[in-house]
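Colleague: Please read through the structure below; I'll follow up with questions.
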Ligand SMILES: N[C@@H](CCC(=O)N[C@@H](CS)C(=O)NCC(=O)O)C(=O)O
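In the working numbering, the protein residues as written are 3 to 203.
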């Protein structure tokens with residue numbers, strides 16, 4: 003299978019990390035989002051939404067949306083809890099990630115790190131800070147109660163939230179005041195097959 007992605011993107015890194023943790027063989031096809039490579043006719047045929055990550059199976063079927071891909075790759079693995087309620091909780095965290103975390107932390111990071119904080123987006127960047135801290139506060143509260151977001155086991159919820167949380171400082175979010183998040187980051191980084199965000203691209 004092929005994964006189309008850009009390792010600058012936490013959404014794409016989630017896929018690389020899932021594949022590494024589960025030792026899933028795949029071909030990484032680099033797509034440079036800064037060079038508009040998601041807008042080519044060829045790419046839009048695979049994902050009409052023009053976004054990475056994108057998974058292309060050997061039979062040609064394509065799957066977009068990072069958390070859908072994470073869950074597909076992790077099917078039948080220990081990253082997906084067997085218990086129905088715990089499994090729904092992993093989905094709860096993944097929807098939280100897309101609606102209440104990524105739109106603040108990932109966007110602030112993109113403006114600061116990849117666009118170099120253009121004056122035209124400075125107000126928007128600043129407006130992202132309270133929402134990002136709210137999301138981090140919710141994670142911190144959970145991680146004070148359990149080592150992982152859903153109980154005692156690493157799950158897809160952790161992989162999905164790890165993607166942008168571990169680089170939140172690049173969006174101006176100082177993690178110093180979130181000790182439980184910091185311990186959680188270290189636990190994930192200690193996973194045997196862990197790969198860092200810069201590798202694989
Ligand atoms: N909800 C999508 C978001 C995907 C997304 O926003 N991808 C960005 C990179 S992080 C992208 O492809 N941007 C290029 C563009 O929009 O042209 C997911 O989780 O996969």
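Ideal Cβ positions, reconstructed from N, Cα and C, are used throughout, including at glycine.
Bear in mind the structure is a predicted one, so any value in this text is a computation, not a measurement.
DSSP state of residue 203, grouped into three classes?
Modeller: Reliability fails at residue 203, whose pLDDT of 40 lies under 50, so the model's placement of it is uncertain and no value is given.
Colleague: Does ligand 1 have a heavy atom nearer than 6 Å to the CB of residue 52?
Modeller: Yes, Cβ of residue 52 sits closer than 6 Å to a heavy atom of ligand 1.
Colleague: I'd like to know if the segment 98 to 108 and the segment 118 to 136 are in contact, where contact means that at least 3 CB-CB pairs between them fall below 8 Å.
Modeller: Because the criterion of three Cβ pairs below 8 Å is met, the segment 98 to 108 and the segment 118 to 136 touch.
Colleague: Could you pull out every residue in the same chain whose Cβ sits closer than 6 Å to the Cβ of residue 6, ignoring the five residues on either side in sequence?
Modeller: Only 31, 33, 54, 56 meet the Cβ criterion.
Colleague: Here's a check: name, in chain order, each residue in its chain whose Cβ is nearer than 6 Å to the Cβ of residue 22, leaving out the five neighbours to either side.
Modeller: Answer for residue 22: 195, 197, listed in chain order.
Colleague: Per DSSP, what are the beta-bridge partners of residue 65 in this structure?
Modeller: Answer by DSSP bridge pairing, in chain order: 57.
Colleague: Under the assumption that residue 35 contacts residue 8 (Cβ atoms under 8 Å), give the Cβ distance between them as a whole number of angstroms.
Modeller: Residue 35 to residue 8, Cβ: 5 Å. Contact.
Colleague: Is residue 35 near ligand 1 - that is, is its Cβ less than 6 Å away from at least one heavy atom of it?
Modeller: Yes, since a heavy atom of ligand 1 falls inside the 6 Å radius drawn around the Cβ of residue 35.
Colleague: Under 8 Å: do the segment 140 to 149 and the segment 175 to 187 share three or more Cβ pairs, one atom per stretch?
Modeller: Result yes; three or more Cβ-Cβ pairs closer than 8 Å.
Colleague: Does the Cβ of residue 167 have 16 or more other Cβ atoms within 10 Å, making it buried, or fewer, making it exposed?
Modeller: Buried.
Colleague: Which of the three DSSP states, helix, strand or coil, is assigned to residue 158?
Modeller: Three-state result, residue 158: helix.
Colleague: Rounded to the nearest angstrom, what separates residue 192 and residue 115 at their Cα positions?
Modeller: C-alpha separation (whole angstroms): 26 Å.
Colleague: Going by other Cβ atoms of all chains shown within 10 Å of its Cβ, with 16 needed for buried, is residue 164 buried or exposed?
Modeller: Looking at its Cβ environment, which holds 16 or more other Cβ atoms inside 10 Å, residue 164 is buried.
Colleague: Which residues mark the beginning and the end of the alpha helix (DSSP H) in which residue 7 is found?
Modeller: Counting along the chain, residue 7 falls outside any alpha helix (DSSP H), though it belongs to the beta strand (DSSP E) covering 4 to 7.
Colleague: Closer than 8 Å is the cut-off here; do at least three beta carbon pairs connect the segment 121 to 132 with the segment 58 to 70?
Modeller: No: fewer than three Cβ pairs fall under 8 Å.
Colleague: How close, in whole Å, do the beta carbons of residue 199 and residue 74 come, if the pair is a contact with beta carbons under 8 Å?
Modeller: Between residue 74 and residue 199 the Cβ distance is about 21 Å, and since that is not below 8 Å, they are no contact.
Colleague: Below 6 Å, is the gap between the Cβ of residue 67 and the nearest heavy atom of ligand 1?
Modeller: For ligand 1, at least one heavy atom lies less than 6 Å from the Cβ of residue 67.
Colleague: What is the rounded straight-line gap between the Cα of residue 174 and the Cα of residue 24?
Modeller: Straight-line Cα distance between these residues: approximately 31 Å.
Colleague: Under DSSP, the beta strand (DSSP E) around residue 29 begins and ends at which residues?
Modeller: Note, residue 29: beta strand (DSSP E), 29 to 32.
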